[in-house]
Structures are given as structure tokens and as C-alpha cells.
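Student: In UniProt numbering, the protein residues as written are 1 to 347.
#1: Could you check how far apart the C-beta atoms of residue 262 and residue 110 are, in whole angstroms? I think they sit under 8 Å.
#2: Distance check for residue 314 and residue 116, CA to CA, integer angstroms please.
#3: In chain order, what residues of the same chain lie with their CB nearer than 6 Å to the CB of residue 203, ignoring the 5 residues before and after it?
#4: If you follow the alpha helix (DSSP H) that residue 255 is in, where does it begin and where does it stop?
#5: Considering only the alpha carbon of each residue, which of 71, 175, 104 lies closest to residue 199?
#6: For residue 183, which of helix, strand or coil comes out of DSSP?
#7: What number of angstroms, rounded off, separates the C-alpha of residue 75 from the C-alpha of residue 83?
#8: Ordered along the chain, which non-local residues of its own chain (more than five positions away) have a Cβ less than 6 Å from that of residue 344?
#9: Where DSSP assigns a beta bridge to residue 3, which residues make up the other side?
#10: Looking only at its chain, what residues have a beta carbon closer than 7 Å to the beta carbon of residue 177, apart from the 5 residues adjacent to it on each side?
#11: Pull up the distance between the alpha-carbon of residue 38 and that of residue 48, whole angstroms please.
#12: Got a sec, what are the start and stop residues for the beta strand (DSSP E) residue 131 sits in?
#13: Hey, could you find the ends of the beta strand (DSSP E) residue 123 is sitting in?
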């Protein structure tokens with residue numbers, strides 16, 4: 001099978017490319033090499049460098065391709081409002097340009113990297129008043145150290161539950177809005193081009209090759225970088241935010257599985273799947289697990305600070321990916337996160 005892999009020089013793209021090579025697939029590697037993710041480094045040998053927003057630039061690379069695996073994107077929570085144009089340009093216009101080029105070249109199978117951030121807040125329940133969909137948390141409450149979501153009827157703190165792919169999509173940050181737009185463009189392309197696509201909604205991905213010392217990196221890498229500097233990892237809010245951390249090797253396996261599935265999928269079908277370890281952990285424990293893998297006695301510092309774009313709890317169920325794709329993560333966080341403490345990072 002001939003596969004075009006975008007974002008191939010990123011740490012997720014690198015893992016996917018390695019997995020596809022091991023399967024014997026022909027891989028066309030493409031990357032835009034944004035400085036915030038790659039610094040000033042040149043693309044690896046054999047990687048095509050282009051502007052993903054230029055539809056005409058894709059034509060030659062798409063010749064004979066069976067499936068596109070689209071990983072190229074600006075990532076992160078959106079550090080400043082000034083990041084909005086970058087998310088819209090690279091994630092949304094870039095995806096639209098790729099889809100238009102695929103249609104021109106008669107390539108009609110796609111796997112696209114999405115994210116659990118499209119859900120916004122997770123699923124909540126009040127024992128007295130049932131399921132709840134809380135609005136964004138108020139700045140005044142966060143300033144006062146009240147980080148939980150509350151039932152509007154009785155005011156008690158809401159309990160979180162795992163969310164599935166049919167849940168309401170409600171992005172709460174500029175990055176989240178751009179990832180949802182990628183899914184919307186993809187589903188529209190599926191209908192208009194009589195194509196097929198799979199969106200993989202990653203949870204917090206970590207592992208070898210993550211960029212270091214950048215707010216656009218994942219939180220696990222930020223904890224890891226703090227420890228290397230001899231500093232205590234800084235944990236926002238009270239550290240009780242529930243998340244799921246999935247190892248990059250599992251994400252690579254999910255993509256290989258999705259590529260095989262979408263290649264055999266009937267036309268006109270768009271599917272989304274959560275890619276998660278299935279073992280949610282509080283953020284404070286993530287910092288503790290990474291610290292446990294070092295020889296430094298640095299207890300994480302719970303700061304009480306916050307970011308307005310963050311949600312309180314977001315944990316998604318990987319059950320549908322297991323049932324329909326046959327994918328189940330193999331690296332639990334209590335093994336992967338301590339090992340990550342000494343894994344190589346990208347400079």
C-alpha cells in the first residue's frame with residue numbers, strides 16, 4: 001500500500017512512519033517543519049517539505065497514493081490570542097487544501113489526526129439531577145480556587161464520566177476549534193467526494209521525540225523538562241484534573257489499524273474514534289509518575305494557577321475503537337510515564 005504521511009517529522013509522525021515501514025508499506029513523507037515544533041532543524045532525509053496550504057503543491061506527491069495519513073497541524077492549547085491565525089491557516093486551510101488536492105488526484109481515503117479537545121468539557125452527572133453539560137468555568141470562580149463544575153440546580157460538584165464519540169462537540173480553545181473544523185471539512189469532503197475517512201481523537205500523547213521546553217508541547221514533556229532543569233514540575237489548578245495519557249507507540253498502532261480499515265471502508269463513510277489508554281489519571285499524578293522515573297527528589301508543585309482554555313475533566317472511552325477497529329492501547333500510564341522521564345526529547 002502507498003501511504004502519504006503528513007507531519008512525518010513530528011514525534012507522532014515519526015512513530016507512525018516507523019510502524020508503516022515495519023509493515024512493508026511505501027511511505028511518502030511530507031512535513032511543513034514549523035519552527036515552534038522543529039526549531040531550525042532541516043527535515044529528515046527523504047522528507048518532502050512544503051506549505052500544506054498550497055493545494056497545487058500536493059499534486060505530484062499524491063500520484064498513486066492509496067491512503068493519506070494527515071498528522072500535520074499546529075498543536076497546543078493556544079498560548080495567546082495571536083495564535084488564532086496560525087491554527088486557522090495550518091490546521092483548517094491546510095486540511096481543506098489537502099482535501100481539494102486529493103479529490104483532483106482521485107485519492108479518496110484519509111486518516112486524520114483529531115483530538116479529544118473537540119469535546120470541550122467531558123461528561124458529568126449530578127446524583128440528584130442527572131446528566132449535566134456545564135458551561136465554561138467563570139474566571140471569578142477560578143480566581144477563588146473553585147475549579148470544579150457545579151450542578152446548576154443544587155450547586156454540588158459534578159462527578160465526571162467517560163465520554164463517547166457521540167457526545168456533543170463543544171471546543172473551548174482556539175486549538176480545539178481548529179481541530180473540530182478539520183473534522184467538519186473532512187466529513188464534508190467524504191460526502192462531496194464520495195470518499196471515506198477516519199478521525200482519530202487523540203488523548204494526551206507522550207513518548208520519545210517530543211519537543212522540549214515549549215508551551216506548545218504536551219504537559220508530560222513540560223513536566224519532564226522541568227525535572228531536567230532541576231525544578232519542581234508546576235501543576236495547574238489543584239492537580240485533580242482527570243485526563244488520559246496515551247503512549248506514542250500506541251498512537252502509531254492506532255493509525256496503522258485505521259489506515260487498513262479505511263482502505264477497505266465503503267465510500268461515503270466518516271467515522272471518529274477515541275484513542276486513549278483507558279487508564280485515566282489526575283494531572284498531579286502524571287507529574288509524580290514522570291518524577292518517579294528520575295533520580296531527582298523533586299515533588300510536583302500544585303500552583304493553583306489556571307488557563308482559561310482548559311477544561312476540568314475530559315476522559316473519553318476507547319471502547320468503540322476496540323470494538324470496530326480492534327485497537328487497544330498496550331502501554332499503561334503507570335509504566336509509560338516513568339519510562340518517559342529518561343526518553344530522548346527533540347531539542
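Yeah, the Cβ is synthetic: ideal placement off N, Cα and C, and Gly gets one too.
Given the structure is predicted, the values throughout are model-derived calculations rather than measurements.
Tutor: This is what the structure holds:
#1: As a first step, residue 262 must be located in the chain shown, where it is residue number 262. As a first step, residue 110 must be located in the chain shown, where it is residue number 110. That pair is a contact at about 7 Å.
#2: Locating residue 116 in the chain shown gives position 116, where the first residue counts as 1. Locating residue 314 in the chain shown gives position 314, where the first residue counts as 1. Computed Cα separation, rounded: 8 Å.
#3: Position 203 of the chain shown, counting from 1, holds the residue named residue 203. Taken in chain order, the residues that qualify are 116, 244, 246, 276.
#4: In the chain shown, the residue the question calls residue 255 occupies position 255. Per DSSP, residue 255 belongs to the alpha helix (DSSP H) from 248 to 263.
#5: For the purposes of this step, residue 199 is identified with residue 199 of the chain shown, where counting begins at 1. Checked all of 71, 175, 104; the closest Cα to residue 199 is 71.
#6: Taking the first residue of the chain shown as 1, we reach residue 183 at position 183. If DSSP states are grouped into helix, strand and coil, residue 183 belongs with the helices.
#7: Position 75 of the chain shown, counted from the start, is the residue given in the question as residue 75. Position 83 of the chain shown, counted from the start, is the residue given in the question as residue 83. Distance between the alpha carbons of residue 75 and residue 83 is about 10 Å.
#8: Taking the first residue of the chain shown as position 1, residue 344 is located at position 344. Closer than 6 Å at the Cβ level, and outside the excluded window around residue 344, lie 208.
#9: Taking the first residue of the chain shown as 1, we reach residue 3 at position 3. The beta-bridge partner set that DSSP reports for residue 3 consists of 27, 67.
#10: Within the chain shown, the letter at position 177 stands for residue 177. So the qualifying residues of the chain are 171.
#11: On the chain shown, position 38 is the one that residue 38 refers to. On the chain shown, position 48 is the one that residue 48 refers to. Because the pLDDT of residue 38 is 45, which lies under 50, any placement of that residue in the model is unreliable, and the question is left without a value.
#12: Translated into positions along the chain shown, residue 131 becomes position 131. Run containing residue 131: 130 to 132, per the beta strand (DSSP E) assignment.
#13: Position 123 of the chain shown holds residue 123. 123 to 126 is the extent of the beta strand (DSSP E) around residue 123.
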